[in-house]
Structure formats: C-alpha cells, structure tokens
Amino acid sequence: MTRRIGILTGGGDCPGLNAVIRAVVRRAEHFDVSVFGFRNGWRGVLDSTVERLDRRSTQGILLRGGTVLGTSRTNPISEPDGVARITETLEVHELDGLIVIGGEGTLSASRVLSEEHGVPIIGVPKTIDNDLGGTDFTIGFSTAVDVATDAVDRLHSTAESHNRIMVLELMGRHVGWIATYAGLAGGADAILVPERSFDINKVCRHLKRRHGMGRSFSIVVVAEGAVPAEGTMALPDYETDDFGRPVLGGIANIIGPEIERQTGFETRVTVLGHVQRGGRPNAADRVLGSSLGKAAMDHAAEGNWGIMVGQDGAHVTTASLGEATRELKTVPSEMFETARVFFG
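Here the sequence shown is numbered in my numbering, starting from 54 and rising by one per residue.
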C-alpha cells in the first residue's frame with residue numbers, strides 16, 4: 054500500500070497547477086497517505102528540498118496562478134548522478150513514488166526514469182501548449198487561450214482606429230493550438246502555425262486583397278514556432294534550454310517589418326509572451342486540474358505507476374508515459390480549415 058508520495062511541478066508554470074496540488078492533498082486524506090512537495094521541480098528532488106503538504110498548507114491556493122511549489126526547467130537525466138540522487142531522495146524520505154505535474158520535457162524525463170530506471174511515477178499533463186498525447190486538453194491551455202483571445206479583441210479596436218495591420222505573436226512552441234483557437238475566437242484575418250509552413254509573399258497578397266475590398270485593418274496571429282516556407286524568410290537564431298529544445302520567440306519581429314515593406318501598410322507587432330502563462334486559472338483549468346489531481350492520487354494509492362492521467366471527452370483516462378510523449382499532438386487540419394473560412 055502507498056503511504057507516502059512526493060509531488061512536483063516542473064517546466065514552465067501555467068494556471069491550474071495549484072488546483073492539482075490541492076486535489077492530490079485532499080484526496081490523499083481519504084487513503085491516509087502523506088504528501089511531500091518538492092521545491093522547484095526536479096531540482097528539488099535532486100537536492101532533496103522537500104516540505105510536508107496538508108489541508109492547512111494548501112488552503113486558498115485553488116484560484117492562484119503559478120505554483121506554490123515553484124518550478125524549474127532542470128533535466129534530471131543530464132544532471133551528474135541524477136538518477137542515483139533521485140533514487141536516494143525517495144529512499145531517504147521513504148516515498149513510494151512521485152506525482153509529476155509537467156509538460157513535454159518534464160514528462161519525457163519521467164518516462165526515462167520510469168521505464169529505464171524503475172522510478173515509480175504518475176504524470177499529470179500541464180502546458181499551455183496543449184501538445185501532449187493521451188489527453189484532449191492539458192492544464193493551462195484554456196486560460197492561455199482566454200488571455201490570447203482578449204489580446205486579439207483589444208488589438209481589433211486599436212488596429213481599426215489607426216488603419217493598421219497588427220501582428221500578434223503567441224506561445225505554443227512547435228504546435229499552433231493557442232494561435233488557432235485564439236485566432237478563430239478573435240476573428241483574426243490570418244493565422245500562421247507550425248503545422249503549415251507559410252509563404253510570406255502569399256500572406257502579404259492576402260492582406261493587400263483585403264484592403265482592396267475596403268477593409269481598413271487586419272489582424273495576423275502567428276505562433277512562436279511558425280515556420281516560413283523554404284527560401285522565403287530566415288528564422289531567428291534560437292538558443293536552447295536544458296532539454297536541448299530551442300527557446301522560441303521573436304518571429305513576429307521579422308514578419309511585421311516584411312509585411313509593412315511588401316504591402317505599404319503601417320504594421321505594428323505585439324509579442325504577448327509570458328502574460329499567457331500568468332494570472333488566475335479560469336474555471337475550466339480549475340476543474341481539469343482538480344479532476345486530474347484526484348485521479349492521479351487514486352492511481353498512486355493503488356500503485357499504478359508509469360502512467361499519465363488525462364482527459365478523454367468528459368472522462369478521466371490514462372495513457373502510458375511513452376504514449377503521452379512519443380510525438381507532439383498537433384492541430385488537426387480540419388480545425389485550421391475551419392479558421393480559413395473566416396480569413397478575408
């Protein structure tokens with residue numbers, strides 16, 4: 054029987070993390086399980102920085118953004134003696150396993166630790182990017198879309214007032230979920246996503262055609278990981294993080310001036326950035342975080358390790374950590390085709 058578990062939040066923060074932590078602690082009471090929170094993601098496990106969590110210490114955190122445990126982008130696999138240090142931490146604190154709340158990088162490391170080193174782990178999917186397999190939606194995505202949609206709405210009024218083209222860059226890494234949802238919800242006139250390489254010349258012709266039809270302004274939404282068609286534009290030089298992944302951001306600063314040069318229309322760029330990850334979670338992320346946190350604790354109590362809990366329609370389901378991280382979940386083509394109906 055599981056009696057003591059650890060919990061951590063790794064990778065980028067997002068709204069809804071505290072809902073998971075709270076749900077795990079509350080559900081643990083039902084099984085008489087003690088919960089210990091690690092500070093700053095995998096860094097806390099490596100350094101054995103831990104604190105006891107209970108109902109009192111997690112009161113009032115449901116509506117708070119970010120994570121009360123802190124987070125980091127530490128890759129435990131690449132750390133010196135990382136696996137041995139993690140195993141030792143679990144032994145020292147007599148933990149039966151870990152509930153790991155994370156995105157693609159954090160859960161990929163969890164898969165290696167679970168499958169290759171026998172570390173008992175249950176994953177909970179969180180990322181505003183919504184790019185994990187094994188779940189319809191990830192914690193944080195819904196709130197990020199709300200924030201991004203509000204930004205599109207606000208740009209509409211200022212773009213119309215000044216007869217400008219507004220280019221809005223949104224997060225999402227190598228998928229275009231946020232850009233597609235927010236662009237469709239906000240009535241964007243063009244959406245550029247990683248799933249479809251774009252030709253900047255065609256984009257500019259589309260915008261000129263709109264203005265020729267009497268439109269005085271346009272909104273272009275671009276995902277940070279959007280990729281130009283070969284030979285059309287140069288990508289920025291991206292640095293890499295501890296997982297070897299490019300740190301994206303800034304492509305709108307290349308697209309904006311090119312649109313202005315080709316069209317002659319005054320163009321302004323807005324990079325929304327980390328605003329999308331901050332602030333209070335919306336109702337959907339609070340409910341999803343609570344549901345998945347409760348399910349993760351249920352499986353931990355039964356000793357069902359090596360899985361990730363997720364959402365399938367209205368139901369909570371499970372997938373292997375391998376299935377969750379094997380490939381990025383991309384925006385289906387039919388959704389993008391729906392958005393294209395409203396371009397122009």
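Glycine is no exception: its CB is placed at the ideal position from the N, C-alpha and C atoms. It should be emphasised that the depicted structure is a prediction, and the values quoted were computed from it without experimental measurement.
Per-residue DSSP class, three states only, for residue i
i	result
Ser87	strand
Leu399	In this structure the chain extends from 54 to 397, so residue 399 is not present and cannot be described.
Asp365	strand
Glu248	coil
Pro281	strand
Ser373	strand
Arg75	helix
Lys179	strand
Close-in-space but distant-in-sequence residues of the same chain around residue i (CB under 8 Å, 5 per side omitted)
i	result
Leu345	Val73, Ala76, Val177, Pro178, Ile192, Val362, Gly363, Gln364 and Val369
Glu82	Arg108
Endpoints, the alpha helix (DSSP H) within which residue i is located
i	result
Val340	Ala336 to Glu355
Val172	That residue, Val172, is in no alpha helix (DSSP H); it is neither H nor E in DSSP.
Ser269	It is not in any alpha helix (DSSP H) - Ser269 carries neither H nor E in the DSSP assignment.
Cutoff 7 Å; reference residue i; Cβ partners in own chain excluding five residues on either side
i	result
Ile244	Ala232, Thr233, Gly236, Val274 and Ala392
Val165	Ile130
Met388	Thr233
Thr434	Nothing about residue 434 can be read from this structure; the chain reaches only from 54 to 397.
Leu208	Met219, Leu221, Ile272 and Thr323
Leu148	Arg57, Ile58, Gly59 and Phe89
Assigned exposure category for residue i - 16 Cβ within 10 Å defines buried
i	result
Met54	exposed
Asn216	exposed
Phe91	buried
Ser214	exposed
Ser269	exposed
His352	buried
Distance CB(residue i)-CB(residue j) smaller than 8 Å
i	j	result
Val280	Pro247	yes
Ile312	Glu222	no
Gly359	Ser167	yes
Arg339	Ile181	no
Thr320	Lys261	no
Gly118	Pro68	yes
Ala276	Gly229	yes
Same chain, Cβ closer than 6 Å to residue i, five either side skipped, listed in chain order
i	result
Val78	Val88, Leu106 and Thr111
Gly155	Gly63 and Gly64
Element boundaries [beta strand (DSSP E), containing residue i]
i	result
Gly326	From DSSP, Gly326 is part of no beta strand (DSSP E); its letter is neither H nor E.
Leu61	Arg57 to Thr62
Gly187	Here Gly187 belongs to no beta strand (DSSP E), and DSSP marks it neither H nor E.
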